[in-house]
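For reference, the structure discussed in these notes is given below.
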Amino acid sequence: MRQWQSLTVETRDSVTTVTLDRPEVHNAFTPSLIAELTACFAALGDDPATRVIVLTGAGRSFSAGADIGVMRASLDLTEEQNRADAARLAAMFAAIDACPRPTVARVNGAAFGGGLGLIAACDIAIASESAIFAFSEAKLGIAPAVIAPYVVRRIGEGYARALFLTAARFSAARAREIGLVHEVVTPDELDDAVSAQTTQLLTSGPHAITAAKTLLRTLRGLDAPAATQETAATIARLRISPEGQEGLRAFLEKRKPAWQEPAG
Numbered sequence: 032m033r034q035w036q037s038l039t040v041e042t043r044d045s046v047t048t049v050t051l052d053r054p055e056v057h058n059a060f061t062p063s064l065i066a067e068l069t070a071c072f073a074a075l076g077d078d079p080a081t082r083v084i085v086l087t088g089a090g091r092s093f094s095a096g097a098d099i100g101v102m103r104a105s106l107d108l109t110e111e112q113n114r115a116d117a118a119r120l121a122a123m124f125a126a127i128d129a130c131p132r133p134t135v136a137r138v139n140g141a142a143f144g145g146g147l148g149l150i151a152a153c154d155i156a157i158a159s160e161s162a163i164f165a166f167s168e169a170k171l172g173i174a175p176a177v178i179a180p181y182v183v184r185r186i187g188e189g190y191a192r193a194l195f196l197t198a199a200r201f202s203a204a205r206a207r208e209i210g211l212v213h214e215v216v217t218p219d220e221l222d223d224a225v226s227a228q229t230t231q232l233l234t235s236g237p238h239a240i241t242a243a244k245t246l247l248r249t250l251r252g253l254d255a256p257a258a259t260q261e262t263a264a265t266i267a268r269l270r271i272s273p274e275g276q277e278g279l280r281a282f283l284e285k286r287k288p289a290w291q292e293p294a295g
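Terminal number for the sequence shown in my numbering: 295, no gaps in between.
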C-alpha cells in the first residue's frame, strides 16, 4: 500500500488500523488528509489482507474537524469553490460509509464538527469516557451540513435538532445515550474493548458482512414492497453462495467455518 502523509496505516491479523496522524492540530482536516482518507478506505475495501478497519486519532484527540488554516482560506472562496470543497469532503464520508469492510471508530479523545461525521460514518464506535463531543459549526455561523446525512441516521432528527442548533459540548456518556457511540470505556480499557469488537467481527463471514452493509444502504431508498423483494433476493443469494453453504454446514457439523480457521 502507498505511503501516507497525514495517516498511519498498519495491518495486523486481518485488522487494519487507520490513524489520523496530525496530533499537533488535533487531527484536523486538510485537503491532503481528506484526499488520503478517501483513497485509503477505497483501497482497503479491495484489500484481501484487511477484514476489519479501525479508525482512530493520534495523540489526545480523535479529530477536531476542519483545520483552522483551511477555514481561514475559505473566506476567500467563491460559492462554486466552496461547493467543490464540500463535495470532496462528502466523498470522504461516503467512502467510509460505503466501505465493504466493517469499520470501528476508536474514539480516543475530543471529536468536534467533521470528526463526528467520521464516527457516524463508521459501523461501530467505541469511545473513551474522557472524550468530549460537539457539533460546533453553528458557533462559527455555519451548519454541520455535509455530515448531516450520517449523523441524522445515527442519532435521529430529534437529537440532531438540539445538538446542531446549540453546538453544545456533550460527554461520552451522553454520546452513548443518543446512539452516536455504542460503548464507553475508561481510557485504559479502550484498546481491549476495540480488540474484543474486532475479534467478534472476525467470527462473521466476510461476504455476509459486506452483504449486510450493502443491504442496509439499499433499504434506505426503498418502499415496503421493494424492500420485501430486496431482502428475499438477498437471503436467497446468500444461502446458495459458497460462504452461506460453508456456514450452514459448519453449524450442522458443529465445527468452525473456514473463515474462522487460522491461516496456513
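Heads up, the beta-carbon is just placed ideally off N, CA and C, and yes, glycines get one too.
Treat the numbers as computed from the prediction; the structure is a model and nothing was measured.
Neighbourhood of residue i by C-beta distance below 6 Å, restricted to the same chain and skipping five residues each side
i, result
"LEU64", "SER37"
"THR217", "GLU160"
"GLY295", "With a pLDDT of only 39 at GLY295, under the threshold of 50, the placement of this residue in the model should not be trusted, and no figure is reported."
"LEU194", "PHE166"
"SER45", "ARG82"
"LYS170", "ALA198"
CB contact flag (residue i, residue j, <8 Å)
i, j, result
"ASN139", "SER167", "no"
"ALA141", "PHE93", "yes"
"LEU147", "LEU51", "no"
"PRO131", "LYS285", "no"
"VAL83", "LEU233", "yes"
"THR87", "ARG43", "no"
"ALA89", "PRO133", "no"
"LEU120", "VAL183", "no"
"THR69", "MET123", "yes"
"VAL85", "VAL225", "yes"
"LEU221", "ILE271", "no"
"ALA227", "VAL215", "no"
"ILE209", "TYR190", "yes"
"ALA97", "ASN58", "no"
"LEU250", "ALA258", "yes"
Residue i, enclosing alpha helix (DSSP H) - first and last residue
i, result
"ALA104", "99-105"
"SER226", "221-233"
"THR262", "255-270"
"LEU108", "Neither: LEU108 is in no alpha helix (DSSP H) and is coded neither H nor E."
"ARG192", "179-197"
"ALA74", "62-76"
"LEU22", "Since the first and last residues shown for the chain are 32 and 295, residue 22 lies out of range."
"GLU208", "203-209"
"GLU41", "From DSSP, GLU41 is part of no alpha helix (DSSP H) but of the beta strand (DSSP E) over 38-43."
"THR245", "237-250"
"PHE282", "273-283"
Exposed unless 16 or more other CB atoms sit within 10 angstroms - verdict on residue i
i, result
"GLY187", "exposed"
"THR197", "exposed"
"GLY172", "exposed"
"GLY144", "buried"
"ILE266", "exposed"
"THR230", "exposed"
"ALA117", "exposed"
Element boundaries [beta strand (DSSP E), containing residue i]
i, result
"PHE143", "141-143"
"ALA158", "155-159"
"LEU171", "Here LEU171 belongs to no beta strand (DSSP E), and DSSP marks it neither H nor E."
Close-in-space but distant-in-sequence residues of the same chain around residue i (CB under 8 Å, 5 per side omitted)
i, result
"GLU67", "TRP35, GLN36, SER37, LEU38"
"ALA107", "Note that residue 107 is Asp in the sequence shown, not Ala. Here the set comprises nothing."
"VAL56", "ALA95, ASP98, ILE99"
Contact set for residue i: own chain, Cβ-Cβ below 7 Å, skip 5 residues either direction
i, result
"LEU253", "GLU261"
"SER202", "ILE163"
"LYS287", "ALA281"
Residue-chain proximity (residue i, chain D), Cβ-Cβ < 8 Å
i, result
"SER94", "In the structure shown, chain D cannot be found, because there is only a single protein chain."
Segment contact, 8 Å Cβ cut-off, at least three pairs: the stretch 72-87 with the stretch 104-113: no
Check whether the stretch 55-63 and the stretch 87-101 touch, using three or more Cβ-Cβ pairs below 8 Å as the test. They touch, by the three-pair rule.
Touch check for the stretch 228-242 and the stretch 264-276: three-plus C-beta pairs under 8 Å? yes
Is there contact here, the stretch 148-158 with the stretch 121-128, by at least three beta-carbon pairs under 8 Å? yes
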